[in-house]
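>
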Amino acid sequence: MSSQARAAVALLFPALLMISVFYLLPVAGAVVLSVTDFDIYSIGDASNTRFVGAANYGALLESPLFWKALTNTLYFSLVAVPLTVLIALGAALLLNAKLARFKALFRTIYFAPVVTTIVAVAVVFRYVYHARVGLLNQLLDLIGIAPIDWLGDARWAMPALILLAVWRNFGYAAVIFLAGLQNVPDSLYEAARIDGAGPLRQFWHVTLPELTPTFVFVGVITGIGFLQIFAEPYVMTPDGGPLNATLTIVMLMYREGFRWWNMGYAAAVAFVLFALVMLATALQAFMRRAR
Amino acid sequence: MSKSPSLQVSESPRSVPRTPRRLGDSTTRRLLSILIHFLLILGAIATAIPLLWMLSASFMPQGEATSFPPRLLPSRFTLEHYGDLFTRLSLGRAFLNSLFVALIATLASLLFNSMAGYAFAKLHFRGRASLFAFLLAALAIPAQVAMLPLFLLLKSLGLVNTYAGVLVPYVATIYGMFLVRQFMVSIPDDLLAAARVDGASELRIYWSVVLPVARPVLATLAIFTFMSAWNDFMWPLIILTDDDKYTMPVAVANLVGEHALDLELMMASAVLTVIPVLTLFFVLQKQYIAGMMAGSVKG
Amino acid sequence: MAAVKKPETRNQKPEIRDSRSVWIAPLLVSGFWFLVSSCASRDTVTIIEFWGLGREGEVVAELLPQFHKEHPEIRVDVQQIPWTAAHEKLLTAHVGNSLPDVAQVGNTWIPEFSTLHAVEPLDARLSAAMPRDDYFPGIWETNVVGGQLYGIPWYVDTRVLFYRTDMIATPPRTWTEWMAIMDRLKKQSKDPHFYPLLMPTNEWPQPVLLASQLGAELVTEDARAKFSDKRFVDAFSFYLDIYRRGYAPVIGSSQVANLYQQFGAGEFAMFMSGPWDVGNLRDRLSKEQQGKWSTAPLPAPDGTPYPGVSLSGGSSLVLFRSSKKQAASWKLIEFLSRPEIQIRFYELSGDLPARRSAWRTPDLVDDPQIAAFRTQLDRTIALPRLPEWENIATSIFEHAQLASRGQFDAAEAGRRLDAKVNGMLAKRRWVLSRLRVASSELREPLRLATHSPVHDDARATRNAQLATAGAAQ
């Protein structure tokens, strides 16, 4: 082994040991669980476990609740990801502007929702979303829109949740965009300016192309995160929302695994989600290569 | 500053004058500045309103925060809830526990993840690409899946109800390694080659050459780990059974009474939970952003 | 890269031994001795761990000094666990073998913990100090699984009717009267936001207790769903009718911003809830509003005894099988079950005592709004004691939500619930069949009783139909 390889072993060893033992091993355990009917009866008496092969997977593919959760999750992600990315980009552009002052303060404000504890935020947002006197409806009232029952109407519950998730997460993406923006060399902007490009064209021809890798990175990270969204819907609508409108896949998994103790079934749900995320990532990589 | 040579026959029909469009520049600048600040402030208000209400509610006398319609400002400013948190509910202890766990997690994570991230970024060994791809794939697995099997594992290791048990999930993370690796990819190879020529061992290079240069990503990693460890609720609750080891989120959850709504108290504890991480971010933000640069954003 | 050693550092070493260090050694020794001696004295004391949930966990600490005085050889170490995560925590503690000795558990969790073989049967420990008939029968039954007692009721609650006395002169005693009152209130009110009854669609207790009042069985002993049963369907129709006629708004509990303020303001005239809301209303309503509400036991289906049955809620004290200090832990349970301690606990927490004799205290006797609970507690039903109950209950309200929005009628809801719940119970049926095979080899037959006796009254069903028909006029 070369000296680099030896050093690599030494450097990788602690982290990989921790990850293998305390993450990958339990995950493997969960894979085994997913092909059994491990549940509360099994916890009471291990002999109450049966090997069921793909039965859990079959059952969940036949379960309308699973499909509802899947549709909800996809709906959520397809709207929330672009929204988050765009708002984050906008915020980052503003924060990066040479003319902007008090940048540190604004950056902190925009980042603040990321570090809040979801339990407290949920309480606040329940007031924001209240059907009659919530802040949001009061604002809508000012521009003449009738009040909306945000958390109770099956059509509006998911948008309400999307808004919450975007609010809570855009700061994280904005900071990444900011890093990307700061990484664009000034010389490129200069060259564009000399060629007669105004700020808009500079944005289109310099900023955006240079930001493509950042876009992809933010898109992937946000996408994976949102496909796995759990805390926000769990705390806002613990019962899954009106007619299960805000039930997400991870919520379903958690409910099946930790409330009903159907751990075999819950593990199967988790791995189906995993397969989906892998698919989405592969698709995204494929599209990039195709471009 | 490189200028396109105006003497050459160029594609663009006109050559740009030396001082292009500087007419009315100061007015444009002022208008632009106003617009930018207006948007920034608007965004800041929209972002901060829920948090400001949280802050305001924490100072309200008991019961006022749940009045209907909701009040925006306290009728009477009071610190009684903060006092309650530290006396009646001994949140001080939980605060210290959280601090302890988050700090140790951050230090350990800085060490382990930076070592591994460097190895993936700069050291050549067989199987590097496939191992890294495998780990990235594992990122897609929802963490809750592993909770019960992990608990059983720790139980057999005798780590239940220990600080070590709480720390286990934060100490080495795939995301952390990924972050470090992306940054370190952009460290100039010449730097390392020069050190090797000087006779330094690989580990020495990591410690004395690479780490100082990697300070920005270390700051990013530190904030990220601190945040995750500080805000985590489910895991410390499961693994710890002594309430004098409880961390803040667990203590805060105690305040979500099943019957009564001590909203003001909960808001006060929420404020206390937010402040440390936010302060950390405020102080370290330049490095945090710089750490994201170069590499991580190049994908 | 070698660090240059500064000559000063080497000379500084002797200075470490300064005046402060003189004290370190004796301090360490005395500290160590102190630690060891206190450990030694603790060896002769039995320490038991008790987990309290939510506010009760906070309050119970105040009762302990007396316990410690009476039992100096026992020390209780109380831990407070938040309700939101107590369920998970208890289970993972069981799996991780780190359960405490005694704990408070919601009484609906007892079937789960007995399935897990986590809790000790307590029948043998019962003494004259805790006579069965000093406890409310429905509540007691909730703690009995498979014929064995697994928990001692600590505090109780149930659902009664809260109503505005200025809108309703006499609370209804039958379903017919109830519908008539709601009809009258609806017609009299000009306010489109007013509803006679608040009954959130995402709460399962209401349809379940209405079905229980008609004698529906819900789930049989051999783990089969019975939601297609006429009694359930009729009760469910009655439930849906209330929404259909506009007597209750079709909303979930999260859409009620402030129950107390809205009740005080008269936005609805009735709602069903537990004793915690007595305290909440007293805390939050204004002085003028205080005189305008009261509580009453639930109305019963026509032709059945009043009041209609309600749910058996509350918490029990359980003893874990893994505990090595069961005798001492039992003493704590006995202590907390003493009537005078129950009274003190009520004063501290507002939770109603499980011991009937504790109810003789003037605080409870003279409280006009608690009287309804006293009456109701004698008529409560224990739900099927299966670990799957919560999952089943969730299905019930999910179907209630859909049905109340007109997606299907009560009969269809019954059929769907049957299909769904039978699926949920498939594993249980398998486990039960295994146990039956095993128990046929035992001397004692294994008692698989999961229900308390339900009254089988066909007349009640017919009267329920009359009630809904009558109110249509």
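Chains as they are written, first to last, in my numbering: chain A, -17 to 273; chain B, 962 to 1260; chain C, 4 to 476.
A virtual CB, placed ideally from N, CA and C, is assigned to each residue, including glycine.
Since the structure is predicted, the reported quantities are computational estimates derived from the model, not experimental observations.
#1: Report the rounded CA-to-CA distance for residue 1043 of chain B versus residue 1017 of chain B, giving the unit in angstroms.
#2: What is the C-beta distance between residue 1008 of chain B and residue 91 of chain A, in whole angstroms, given that I count them as a contact (C-beta under 8 Å)?
#3: Measuring CA to CA, which of C:226, C:337 and C:163 is closest to residue 176 of chain C?
#4: Can you tell me where the alpha helix (DSSP H) holding residue 166 of chain C begins and where it ends?
#5: Please decide whether residue 162 of chain A counts as near chain C, where near means a Cβ-Cβ distance under 7 Å.
#6: Buried or exposed for residue 309 of chain C, please, with buried defined as at least 16 other CB atoms from any protein chain shown within 10 angstroms of its CB.
#7: Cβ of residue 1042 of chain B less than 7 Å from any chain A Cβ?
#8: What does residue 1234 of chain B reach in chain A if we use C-beta pairs closer than 7 Å?
#9: How is residue 156 of chain C classed by DSSP in three states: helix, strand or coil?
#10: Which same chain residues, not among the five before or five after residue 76 of chain A, have their C-beta less than 7 Å away from its C-beta?
#11: Can you tell which of B:1250, B:1166 and B:1246 has its C-alpha closest to the C-alpha of residue 87 of chain A?
#12: Which word fits residue 140 of chain A, buried or exposed, when buried means at least 16 other C-beta atoms lie within 10 angstroms of its C-beta?
#13: Starting from residue 318 of chain C, trace the beta strand (DSSP E) in both directions and tell me its first and last residue.
#14: Residue 275 of chain C by DSSP, collapsed to three states: which one?
#15: Closer than 8 Å, Cβ to any Cβ of chain C: which residues of the segment 2 to 26 of chain A, in chain order?
#16: Is it true that the CB of residue 321 of chain C sits closer than 7 Å to the CB of residue 108 of chain C?
#17: Going along the chain, which residues of its own chain have a beta-carbon closer than 8 Å to the beta-carbon of residue 47 of chain C, five neighbours each way excluded?
#18: Could you tell me the boundaries of the beta strand (DSSP E) in which residue 2 of chain C lies?
#19: Round the Cβ separation of residue 5 of chain A and residue 1107 of chain B to the nearest angstrom and send it over; I've been treating them as touching at under 8 Å.
#20: Taking the alpha-carbon of residue 340 of chain C as reference, which of C:100, C:130, C:369 and C:96 has the nearest alpha-carbon?
#21: Quick check on residue 56 of chain C: does DSSP put it in helix, strand or coil?
#22: Which word fits residue 380 of chain C, buried or exposed, when buried means at least 16 other C-beta atoms lie within 10 angstroms of its C-beta?
#23: Tell me the rounded alpha-carbon separation between residue 996 of chain B and residue 1041 of chain B.
#24: When the cut-off is 7 Å and only beta carbons count, does residue 1060 of chain B lie next to chain C?
#25: Just grab the DSSP bridge partners of residue 198 of chain C for me.
#26: Of the residues A:213, A:206, A:226 and A:255, which one's Cα is nearest the Cα of residue 102 of chain A?
#27: Taking CB distances under 7 Å as the criterion, tell me whether residue 104 of chain A reaches chain C.
#28: Can you tell me which of the three DSSP states residue 433 of chain C falls into?
#29: Please state the DSSP three-state secondary structure of residue 297 of chain C.
#30: Sort out for me which residues DSSP pairs residue 383 of chain C with in a bridge.
#31: Which residues in chain A have a C-beta closer than 9 Å to the C-beta of residue 91 of chain C? List them in chain order.
#32: Residue 1244 of chain B to residue 316 of chain C, Cα distance in whole Å?
#33: Count the other CB atoms within 10 Å of the CB of residue 100 of chain A; is the residue buried (16 or more) or exposed (fewer)?
#34: Answer yes or no: does any C-beta atom of chain C fall closer than 7 Å to that of residue 134 of chain A?
#35: At what residue ranges does the segment 35 to 82 of chain A contain a whole run of the alpha helix (DSSP H), taking only runs of 4 or more?
#36: Determine, using beta carbons only, whether residue -15 of chain A comes closer than 7 Å to chain B.
Quick look at the numbers:
#1: Rounded to the nearest angstrom, the two C-alpha atoms are 13 Å apart.
#2: Going by Cβ atoms, the distance from residue 1008 of chain B to residue 91 of chain A rounds to 6 Å, so yes, they are a contact pair.
#3: For residue 176 of chain C, the nearest C-alpha among the options comes from C:163.
#4: No alpha helix (DSSP H) holds residue 166 of chain C; the beta strand (DSSP E) holding it covers 163 to 167.
#5: By the rule that beta-carbons nearer than 7 Å mark a contact, residue 162 of chain A does not touch chain C.
#6: When all chains shown are included, residue 309 of chain C counts as exposed.
#7: No - not a single Cβ of chain A is within 7 Å of the one on residue 1042 of chain B.
#8: Near residue 1234 of chain B (Cβ distances below 7 Å), the residues of chain A are 99.
#9: DSSP places residue 156 of chain C in strand when its eight states are reduced to three.
#10: Result list for residue 76 of chain A: 82, in chain order.
#11: Closest option to residue 87 of chain A, Cα to Cα, is B:1246.
#12: Buried.
#13: Looking at the DSSP string, the run of the beta strand (DSSP E) that includes residue 318 of chain C is 316 to 322.
#14: Three-state result, residue 275 of chain C: strand.
#15: Residues of the segment 2 to 26 of chain A with a C-beta atom less than 8 Å from some C-beta of chain C are 19, 21, 22, 23, 25 and 26, listed in chain order.
#16: Closer than 7 Å, so yes.
#17: 76, listed in sequence order.
#18: Missing from the structure shown is residue 2 of chain C; chain C here goes from 4 to 476 and no further.
#19: That belief holds up - the Cβ atoms of residue 5 of chain A and residue 1107 of chain B are roughly 6 Å apart, short of 8 Å.
#20: For the residues C:100, C:130, C:369 and C:96, the minimum Cα distance to residue 340 of chain C belongs to C:130.
#21: Here residue 56 of chain C sits in strand by DSSP.
#22: Buried: at least 16 other Cβ atoms inside 10 Å.
#23: Near 42 Å, if we compare the C-alpha coordinates of residue 1041 of chain B and residue 996 of chain B.
#24: It does not; no Cβ of chain C falls within 7 Å.
#25: Paired residue(s): C:271.
#26: Considering only alpha carbons, the answer is A:213.
#27: Residue 104 of chain A does not count as touching chain C.
#28: Residue state for residue 433 of chain C is assigned as helix, using DSSP reduced to three classes.
#29: If DSSP states are grouped into helix, strand and coil, residue 297 of chain C belongs with the strands.
#30: For residue 383 of chain C, the beta-bridge partners assigned by DSSP are C:313.
#31: Under the 9 Å cutoff, chain A gives 240 and 241.
#32: Going from the Cα of residue 1244 of chain B to the Cα of residue 316 of chain C covers about 51 Å.
#33: When all chains shown are included, residue 100 of chain A counts as buried.
#34: Contact with chain C is found for residue 134 of chain A, since one of that chain's Cβ atoms lies less than 7 Å from the residue's Cβ.
#35: Scanning the segment 35 to 82 of chain A from its first residue to its last, the whole alpha helix (DSSP H) runs of 4-plus residues come out as 37 to 44 and 46 to 78.
#36: At a cut-off of 7 Å, the C-beta of residue -15 of chain A has a neighbouring C-beta in chain B.
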